[in-house]
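First to last, the sequence lines map onto chains A and B. All residue numbers for the first sequence refer to my numbering, where the first residue is 28 and numbers rise by one. All residue numbers for the second sequence refer to my numbering, where the first residue is -5 and numbers rise by one. Notes for the one structure printed next.
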Amino acid sequence: MRASKLNGLLFFLGLLIVWELVAQARLINPLVVPPLSRILGVFSDLVWSGQIPLQVASSMKRAAAGYIMAAVVFIPLGILMGLSQSVYRLFEVIVEMLRPVPPPVMIPVAMLFFGLEDEMKIFVIFFSCAWPILLNTLDGTRNVDRVLLNTARTFGLSRWKIIWNIILPAASPQIVTGLKVSLPITLILVVISEMVGSTDGIGYFILDSQRRFRVAQMYAGMLTLAILGYALNQFFNVLYRLLMPWHVGLMRMKDAA
Amino acid sequence: MLFALLLLMWEFGSRLSPALQSYLPPVSRIFRSLAELVISGQLVSHLMITLSRFLQGYLLAASIAVILGIVLGYFRLAHSLFEAVIEFLRPMPSVAIIPVAVLLLGIGDAMIVAVTVYASVWPVLINTMDGVRHLERTLIDTGRTFALNRRKILWLVVLPAAAPYIVTGLRISLSIALILVTTAEMIAGSRGLGFFILDQERSMNSSNMYAGVILVSALGYVLNRLFVLGEGWAMQWRRGMLAQESV
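So, in C-alpha cells, the structure goes:
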C-alpha cells in the first residue's frame, strides 16, 4: 500500500476515534450525534435482523427497473437520433424542453399519475437517467468515424449490421460514460422519491428513523447508502470488464498513446 | 413538428376526456394558472425564496470548495490525509444528509442552505483538486525562479491553470444545487417552489402544480444560460490563448 494512502486511512481512523470519544464524553448532544460504536451496533443488528437487506432490496428493485428501462429506450433512440437528421429534428424540441426540468420536480407529477406505488419511483428514475444516456449515445454515434461507415457501406453491409457491428462498438465509450453517470443519479432519485412518497425502501427508512428520533438507526441507514453507492460503482466496473474486455484494452491503448 | 403535434393532442385530448383532465389539464389552462399565479404574486414569493436559498448555498459551496480544493491539491500532505475521508463520503447520495440537517438545524432556511452547500461542494472540490494536481510542476518552478512569493504563485500560476477544471465543477454544481434546494423544500419545507409543487399535487391542483414545474425548469434554464454567459466573459483570456496555440 502506498504510504500516502496509509496516512489517509490512519487519519480517517483517527477522526472516527475522536468522534467516538467526543460522543462518549457527551460533549455533543448524543441525541444528534450518537457514538460511532452505537451506530455500528445498530447497523449490524439491523443487517442481521433482515431489516436493512429488506429495505435495500425494495430500493434496488426500483432502481434496477428504472435504470434498465432508461437504457433500453434511450440507447436505441440516441443511435437513431445520431444517424438520422429527421429523427433528430423530430425529438430535438421535446428533449430541449424537458431537459432543464430538475428531476425531483417530476416526483409530484409522477405521484399524480402513479400514486405512491413502485411505478412512480421507476418513472422518476427513468426520466432522470434519460438525459445522460441519450445525449452521450447521440454524441458517440455522431462522432463515429465517417471512413468506418463508408467502408461498411462499400462492403454492402445492411443497415442493421452497420448499427450492430460498427456504430455500437465505436460509440460504446460514450454509451458507457452515459450509463456510468446515470448510476449515482439513479441512487439519488430512488432515495428522494422514497423520502417524498413511500412506505418502504432505504430512503424512507432514513427519513422515518429521523422523524421517530431513532438517530442511531438513521445513521445506520446512511452508512448503508454509502456502502451501496460504493458497491454499485464497483459492480458496474466489474460488469464492464467482464462484458467488454476488448474495450478495456482499447481504452488503455488510447491512454498510452 | 412532433412537439407541436403532441401539444395539440394534449390540449384536445384533455379537453375531451374529463378523466384525463385531473391528471393532465389542457396546456392552455396550465399557462393561464401560471399567469394568474405570477400576477397574484403568490408564485413570485416562492420563487424568490427558492432563488435566495439557491444563491446562498451555491455561492457558499463554491467559495468553500475552491479554497479547500486548492489546499488539498497543492499540499501533498493535506491530500493524503483527506483522501480516504473524501472517498468514503462521496459515494453516499447527498440527499441522505437531509435528515441529519433537519436534526441539527430544524426545518428552515439554514437547513436547506446547509444541505445545498454539502451537495454542491463535491463537484467543485474534486475538480479544483484535480486541476491543481495536474498542474505542470515546471510552471510553479518557473514562478519560483522568478522569485514570486506564494501568494503570487497562487494568483498568477495555480488559479489560471486550474480555472477550466474549476469552471467545469461549478457548472455541474449549478444543477445539483437547484436539485437539492427543491428536494429539501419538498421533504421539509413550508415555503419555496419545491414545497409549492408538492403541496399543489397533494391538494389535486394539477394545473398549479404544472405551472410550478414550468417555473422551476425555467429557473434552471435561465441560471444555466447566465452561467454560460458569465463563463464566456470570465474565460475570454483563455479563448485567446487557445486560439494563439492553434495558430
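Ideal placement from N, C-alpha and C gives every residue a C-beta, glycine not left out.
Residue i and residue j closer than 8 Å at C-beta
| i | j | result |
| --- | --- | --- |
| residue 198 of chain A | residue 172 of chain A | no |
| residue 247 of chain A | residue 134 of chain A | no |
| residue 132 of chain B | residue 156 of chain B | no |
| residue 168 of chain A | residue 110 of chain A | yes |
| residue 228 of chain A | residue 85 of chain A | yes |
| residue 245 of chain A | residue 86 of chain B | no |
| residue 137 of chain A | residue 151 of chain A | yes |
| residue 6 of chain B | residue 171 of chain B | no |
| residue 124 of chain B | residue 159 of chain B | yes |
| residue 1 of chain B | residue 209 of chain B | no |
| residue 193 of chain A | residue 164 of chain A | no |
| residue 118 of chain B | residue 163 of chain B | yes |
| residue 78 of chain B | residue 36 of chain A | yes |
Residue interval of the alpha helix (DSSP H) (run including residue i)
| i | result |
| --- | --- |
| residue 135 of chain A | 133 to 141 |
| residue 196 of chain A | 195 to 223 |
| residue 158 of chain A | 145 to 169 |
| residue 190 of chain B | 187 to 196 |
| residue 235 of chain A | 229 to 238 |
| residue 137 of chain B | 131 to 139 |
| residue 69 of chain B | Residue 69 of chain B -> no alpha helix (DSSP H), and no H or E assigned at all. |
| residue 260 of chain A | 242 to 270 |
| residue 124 of chain B | 103 to 127 |
| residue 177 of chain B | 153 to 182 |
| residue 21 of chain B | 21 to 33 |
| residue 60 of chain A | Unbroken run through residue 60 of chain A: none, as it is neither H nor E. |
| residue 115 of chain A | 112 to 125 |
| residue 211 of chain B | 200 to 228 |
| residue -3 of chain B | -4 to 10 |
| residue 94 of chain B | 91 to 99 |
| residue 147 of chain B | 144 to 147 |
Of the residues the options, the one placed nearest residue i, counting alpha carbons only
| i | options | result |
| --- | --- | --- |
| residue 16 of chain B | B:149, B:222, B:200 | B:200 |
| residue 170 of chain A | A:191, A:270, A:200 | A:200 |
| residue 121 of chain A | B:-2, B:179, B:160, B:230 | B:-2 |
| residue 97 of chain A | A:141, A:192, A:41, A:148 | A:148 |
| residue 243 of chain A | A:60, A:254, A:255, A:55 | A:60 |
| residue 113 of chain B | B:230, B:175, B:35, B:3 | B:175 |
Interface flag, residue i vs chain B, CB-CB below 8 Å
| i | result |
| --- | --- |
| residue 101 of chain A | no |
| residue 222 of chain A | yes |
| residue 11 of chain A | With chain A running from 28 to 284 in the structure shown, residue 11 of chain A is simply not present. |
| residue 260 of chain A | yes |
| residue 84 of chain A | no |
| residue 35 of chain A | yes |
| residue 129 of chain A | yes |
C-beta neighbour in chain A for residue i, strict 8 Å
| i | result |
| --- | --- |
| residue 122 of chain B | no |
| residue 49 of chain B | no |
| residue 39 of chain B | no |
| residue 102 of chain B | no |
| residue 45 of chain B | no |
| residue 205 of chain B | no |
| residue -3 of chain B | yes |
| residue 218 of chain B | yes |
| residue 200 of chain B | yes |
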